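Written below as structure tokens is the structure these notes are about.
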Amino acid sequence: MQAPAPILLLTRPEAQSGRFAAAATARFGAAVRILVAPLMEIVFTAPVLPLDGVRALAFTSENGVAGFCRLSPRRDLPAYCVGARTAEAARSAGFRARSAAGDGAALARLIAAEGAAGPLLHPHGAHRQGDLAAALAGAGIALRAVEVYRQEPRSPSPAAAAVLNGQTRVIAPIFSPRSARLFRAAFAAPRAPLALVALSPAVAEALGQRPGERLLTAARPEAEAMLDAVAAAIDAGPAA
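For the sequence shown, counting from 1, position 81 maps to 120 in the numbering used here; every step adds exactly one.
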């Protein structure tokens, strides 16, 4: 009897999970069954943006773009973006956007290489990785950071708990160290055969690898590379 298709468990906020689900369906078809069960939701805040004298924007997430756009009508400032997806969101909002095609360190290198004049404004979430301001300070570029959204934890859904305590193989893409910690806290002792797919080495480190689990890391911190890693998890089967 053929084993059932593995379950692709998506725990990012609704919008991001929905987009990844669509990409996974387009690529894998019936090879996976998808369950969207967010462990976080995005809550936008309403700070006063310190825009006086700002010469450019630095975006490290799509939610940073959305948070800024909720607070300001300005689209004349150039936007430096951490990756292709964030740059696409910025362009869709009306910005002239450049992508660093990497992580925060790559973004700092792009801004410095472009000789961007500061200060820059960095709209970000309550939980962020790295210190972009410190990285740019070494290049003599000032950056103002302002929190424009929070990532609020959500209780795990009964459906997610059920599949992780079942017998069908589960593949869970994890996109940030905080998401990794929330996943481990929500599902302390899953019994299902589990493959975890980490966006980066930092995410893999936050997850750790437990006996009976498979842990894969994407070659690059981007959605297409995550899909490649999910494909590898599908092909690899359960951990020995």
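C-beta atoms are modelled at their ideal positions from N, C-alpha and C, and glycine is treated no differently. Just so it is clear, the structure is predicted and the values come from calculations on it, not from any experiment.
A residue is called buried once 16 or more other Cβ atoms fall within 10 Å of its Cβ, and residue 165, having fewer, is exposed. Runs of the alpha helix (DSSP H) spanning 4 or more residues and lying entirely within the stretch 97-157 occur at 101-110, 123-132, 143-152, in chain order. Take the alpha-carbon of residue 248 and the one of residue 82: they are about 31 angstroms apart.
Bridge partners of residue 48 according to DSSP: 74. One alpha carbon belongs to residue 100, the other to residue 167, and they sit about 10 angstroms apart. Listed in chain order, the non-local C-beta contacts of residue 89 below 6 angstroms within the same chain comprise 183, local neighbours out to five positions each way being set aside. Apart from the 5 residues on each side of it in sequence, residue 258 sits with its Cβ closer than 8 angstroms to the Cβ of 264, 267, 268 in its chain, given in chain order. Within the stretch 163-193, the complete beta strand (DSSP E) runs of at least 3 residues fall at 182-192.
Put simply, of 173, 110, 208, 151 the residue whose alpha carbon is nearest the alpha carbon of residue 187 is 110. Nearest C-alpha to residue 96 among 60, 155, 77, 56: 155.
Residue 206 sits exposed, since fewer than 16 C-beta atoms from the chains shown fall within 10 Å of its C-beta.
In the DSSP annotation of this structure, the continuous segment of the alpha helix (DSSP H) that includes residue 242 starts and ends at 240-246. DSSP places residue 64 in the uninterrupted alpha helix (DSSP H) bounded by 53-67.
Ranking 262, 140, 192 by CA distance to the CA of residue 220 puts 192 first. Taking C-beta atoms as the reference points, residue 171 and residue 152 fail to come closer than 9 angstroms.
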